[in-house]
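Asker: Could you have a look at this structure, given as structure tokens, before my questions?
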Amino acid sequence: MGRRKPRVFFKNIPIDFPTERQSNMPIDLPIELQSNIFDRLCAKDQSKAMCVSHSWRDFILYSILPKDESQQSSVSLFPIKCLDLKLQQLFHWCSRVMCCRVGPNKLIDSCNGLLLFYHNYGRAQNLTHGVYHYYVMNHVTKQCVAVSKPNGQISRAYSYATLVYDPTKSRFFQIVNFQGHRHVNVFSSKNGIWTTQTLILPKYIIASSWTKKSVYFNGSLYRLSRSGHLVKIKVDIQENVLEQTEAITLPQDCLSFNCQWELSVKGNKLLFVMSKGLNFVVYELVECVSSGVTSCSWCTSHRIQDDGSKWYYLNKLFKLLSFHPYDDVAFFKGYNHLFYYIFIGNNTITDLQQVPSCEILYDYFEFCGIPLVECYSPFACRLNEEVINLSIIYFLIIYLFYLLS
């Protein structure tokens, strides 16, 4: 028995393809049936359907998708083992999609499975080579969106940008571009536009050096300042501009000379890592709300004090690159670009080894070192310059009749 050809069946069914105006309206079918059809689409086609128009996007997000979907976990960690192979596959796909070669040195940030790049090398269709864009990518769902830089940003005068995305809360992402320490430009994939926020902070914090690394945690961005503060920035615009930012004082010990810092997130915990001399300490941020006032304190999660010279040697001669809390591994850079990692268990150093020589591994820890994860939930993005794609609607209609047959 030969393979059935859907087009033969369609010849007997009159189909009135929608006009451009009608294309903005969802297909008039029972919600249960539409949900069943949508579930059978692959992740890439689900994301495409949500980008047809605002009405389609809202209808799918709030009607077709189950209401409890946002509570389901769709993120898994990259395993430390075979990380070199995973990285090669990841950046090979990114290079192929953007039609230019990219490596870890071009990766700006990663947040819950999404990757953020910024460059002018892209040669993909509809992109002008030589024009700077932010690229947001999900290698699992095979999605890539190019976002033009905000007005007023000098292309080469790139300072720092980061990504905000939590698939358990929303399918939409945000790009936060820091214009110095006084203003941030925020791109929202929900409306496809850039907005500007003002950071109200003491002058000595603004004038200090900030690390070019941040973490997203519970609706806020956290970034370290060498003034001895953890700067908390609420991503969504607040009615009171004074509530947009907050400076949290770091533990007193971290202000000493030659002290190395790191910031990471583990589940519902925000961790601050301090490494100096014979000490390696991991602090957990504790926030308490009383009578509408939030107070912050630090609780010691790990404290390692090495009586020998092993830890002192690492802290004095090596650079702390990153801390992966889920694996309890700290990565250091030493002479000849050698990388060492330390397994931490029961507050003791259980192993100290050299990372096998591998260019992509070395570059990854040198330039980003962010714990990478995979996200199986497609993101949604609506850009102002997008053109409504009627072919997507035709595809859904044809697919509908194919399923009903």
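Residues -3 to 401, numbered by the working numbering, are exactly what the sequence shown covers, in order.
Glycine included, each C-beta is placed from N, C-alpha and C at the ideal position.
Only a predicted model underlies this, so the values are computations on that prediction, with no experimental measurement involved.
(1) Quick one: what's got a C-beta closer than 7 angstroms to I196's C-beta in the same chain, skipping five residues either side?
(2) Which two residues bound the contiguous alpha helix (DSSP H) that contains R178?
(3) Could you tell me whether the segment 250 to 258 touches the segment 291 to 298, using the rule of 3 or more Cβ pairs below 8 angstroms?
(4) Starting from C371, follow its DSSP beta bridges and name the residues at the other end.
(5) Indicate the three-state DSSP secondary structure (helix, strand or coil) for D105 in the structure shown.
(6) Quick one, are the C-beta atoms of H177 and W206 less than 9 angstroms apart?
(7) Please name the residue in C140, I300 and K265 whose C-alpha comes closest to that of I338.
(8) What is the rounded straight-line gap between the Cα of Y128 and the Cα of H320?
(9) For the alpha helix (DSSP H) containing H88, name the first residue and the last one.
(10) Are the CB atoms of Y161 and Q170 within a distance shorter than 9 angstroms?
(11) Given that a residue counts as buried once 16 or more other Cβ atoms are within 10 Å of its Cβ, and exposed if not, what is S407?
(12) What are the residues that DSSP puts in a beta bridge with R219?
(13) What does the alpha-carbon distance come out to for the pair V351 and D80?
(14) Sorted by chain position, which residues of the same chain lie with C-beta nearer than 8 angstroms to F74's C-beta, five sequence neighbours on each side aside?
(15) Helix, strand or coil for L234 per DSSP?
(16) Identify whether I300 lies in helix, strand or coil by the three-state DSSP scheme.
(17) Could you check where the alpha helix (DSSP H) with F413 kicks off and where it finishes?
(18) Exposed or buried, N108, counting other C-beta atoms within 10 Å across all chains shown (16 or more means buried)?
(19) Determine whether the beta carbon atoms of F183 and Y130 lie at a separation below 9 angstroms.
(20) Can you list, in chain order, the residues of its chain whose CB lies under 6 angstroms from that of Q234, leaving out five sequence neighbours each side?
(21) Nearest-angstrom Cα distance between F328 and V98?
(22) Tell me whether R36 is buried or exposed, calling it buried when 16 or more other Cβ atoms sit within 10 Å of its Cβ.
(23) Where K186 and Q193 are concerned, what is the direct C-alpha to C-alpha distance, given to the nearest angstrom?
(24) Count the other C-beta atoms from every protein chain shown that fall within 10 angstroms of the C-beta of D232, then say buried if there are 16 or more, exposed otherwise.
(25) Excluding the five sequence neighbours on either side, which residues of its own chain have a C-beta within less than 7 angstroms of the C-beta of Y200, listed in chain order?
(26) Any heavy atom of the ligand FAD closer than 8 angstroms to the Cβ of S286?
(27) On the CB-based measure, 16 or more other CB atoms within 10 Å of its CB, does L266 come out buried or exposed?
(28) May I ask you to report which of helix, strand or coil DSSP gives C250?
(29) Contact check, L159 vs L112 under 8 angstroms by CB: the rounded distance?
(30) Could you tell me which of K228, E283, V261 and P247 sits nearest to V277, measuring between CA atoms?
(31) In this structure, does DSSP put I366 in helix, strand or coil?
(32) In whole angstroms, what separates the C-alpha of Q85 from that of F361?
(33) Does DSSP put F169 in a helix, in a strand, or in coil?
Answerer: Straight from the coordinates:
(1) V237, L238, Q240 and T241
(2) No alpha helix (DSSP H) contains R178, which DSSP labels as neither H nor E.
(3) no
(4) V71
(5) strand
(6) yes
(7) I300
(8) 31 angstroms
(9) Per DSSP, the unbroken alpha helix (DSSP H) holding H88 starts and ends at L79 to M94.
(10) yes
(11) No answer is possible for residue 407: the residues shown for the chain start at -3 and end at 401.
(12) Paired residues: S210 and V227.
(13) 11 angstroms
(14) K82, P367, L368, V369 and E370
(15) Sequence inspection shows Gln at residue 234; the Leu mentioned does not correspond to that position. Coil.
(16) strand
(17) The question about residue 413 has no answer here: the residues shown for the chain are numbered -3 through 401.
(18) Per the 10 Å Cβ criterion, buried.
(19) Cβ distance < 9 angstroms, so F183 and Y130 count as in contact.
(20) Q240
(21) 24 angstroms
(22) exposed
(23) Within the model, the alpha-carbon separation for K186 versus Q193 is close to 17 angstroms.
(24) Looking at its Cβ environment, which holds fewer than 16 other Cβ atoms inside 10 Å, D232 is exposed.
(25) S223
(26) As presented, the structure is devoid of all ligands, the ligand FAD included, so that no description of it is given.
(27) buried
(28) helix
(29) 4 angstroms
(30) P247
(31) coil
(32) Distance between the alpha carbons of Q85 and F361 is about 17 angstroms.
(33) coil
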